[in-house]
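Under my numbering, the first residue of the sequence shown is numbered 8, with each subsequent residue one higher. Think of the CB as a built atom: it goes at the ideal place given N, C-alpha and C, for glycine as much as any other residue.
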Amino acid sequence: MKKQYDFSKAVQGKFYRPSDKLEIPVYIDNEVKEFFMKKSSNKKAGLNKVINSVLRKEMEMIKIIAG
């Protein structure tokens, strides 16, 4: 490493790309993954779309139960 770097020509935020989505890794069991992959291929929908749909339904159930 150099003792000093010259940032005089640097551009702040040059590679920044704002996004409205926060993508986080989610690790699921193989059995669950295989099940949803099969369902998503049957529906001709993406895996993300199918899992998001299931999670939204689960959220609604929790809201109803919790009151």
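- The alpha carbon of K46 has as its nearest neighbour, out of V57, S15, D36, the alpha carbon of V57.
- L29 places its beta carbon 8 Å or farther from that of M44.
- In the three-state reduction of the DSSP assignment, S26 falls in the coil class, being assigned neither a helical nor a strand state.
- Counting along the chain, no alpha helix (DSSP H) covers I35, and no H or E run does either.
- C-alpha of Y34 to C-alpha of N49: approximately 22 Å in a straight line.
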